[in-house]
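In what follows, a single structure is set out as structure tokens and then discussed.
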Amino acid sequence: MKLDPFYLIVDSADWIERLVPLGVKLVQLRVKNMPEHALRGEIRRSKAVCALHGCQLIVNDYWRIAVDEGCDFVHLGQEDLEEVDVEAIRAAGLKLGLSTHDNAELETALAATPDYVALGPVYPTILKAMKWEPQGLEKIRLWKDRVGRLPLVAIGGLTVERLEGVFAHGADSAAVVTDITLNADPEARTREWIERTAEWR
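So the sequence shown is numbered by this note's numbering: it starts at 13 and just counts up by one.
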């Protein structure tokens, strides 16, 4: 499986409706602390936009709802993996992405035979408090050696200016949140990401 090198992560269908039409081909909907009926609405809106624009939608965390709503990709953290029925996800035909932060988590992730593995934070991140130090570029190379042909997603503190190093060290895709959502002009920054990642498509 091949992932688009530009992996956008946003927390609402509003963002998806705003940015996906610009040419985004891979987006994760990462919503926290929302009632189920509202979350289903966010997923349905996001699915509709992504279907219209040929964009792959990945739902974060809520795998049961993703199955119910007929989604085709879910992303889970290590804490989620402890309580997830991976066989049920597979039986429903969903692909699976998993977060990793250290060697033990990578071993756990690989045992679940995911469709991609994410490594982070590569650089310091302001998105959420992390107990892990920034991994750095060399860790990307080590992780890629271990996962082989499995797609590797780099995440954490990534900017357009840091893309060259991330891909040079073996990442297949670069995930971004705040470099776009906190930018003064998110649309322009999204177009810049699309343009700068084109050579790795």
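Where a beta carbon is used, it is the ideal one built from N, C-alpha and C, also for glycine.
Asked	Found
Roughly how many angstroms lie between the CA atoms of K37 and A116, to the nearest whole one?	31 Å
Compute the beta-carbon to beta-carbon distance between T221 and L34, rounded to the nearest angstrom, for a pair I have assumed lies under 8 Å.	Since the first and last residues shown for the chain are 13 and 213, residue 221 lies out of range.
If contact is defined by three or more beta carbon pairs under 8 Å, each pair taking one atom from either stretch, is the region 175–185 in contact with the region 144–153?	yes
Measure the Cβ-Cβ separation of Y135 and P163 and say whether it is below 8 Å.	no
Applying the criterion that 16 or more other CB atoms from any shown protein chain within 10 Å of the CB defines a buried residue, is A123 buried or exposed?	exposed
What do you reckon, are the CB atoms on A166 and A187 nearer than 8 Å?	yes
Following the continuous beta strand (DSSP E) through A104, name the residue where it begins and the one where it ends.	Taken as a continuous stretch (DSSP letters only), A104 belongs to no beta strand (DSSP E), as it is neither H nor E.
Look up Q68 in the DSSP assignment and give the residues it is bridged to.	L38
On a CA-only basis, which of A100, V159, I101, K107 is nearest E233? Give me that one, please.	Any answer about residue 233 is impossible in this case: the structure gives the chain only from 13 up to 213.
Under the assumption that L214 contacts L69 (Cβ atoms under 8 Å), give the Cβ distance between them as a whole number of angstroms.	The shown model of the chain, from 13 to 213, leaves out residue 214, and the question about it has no answer.
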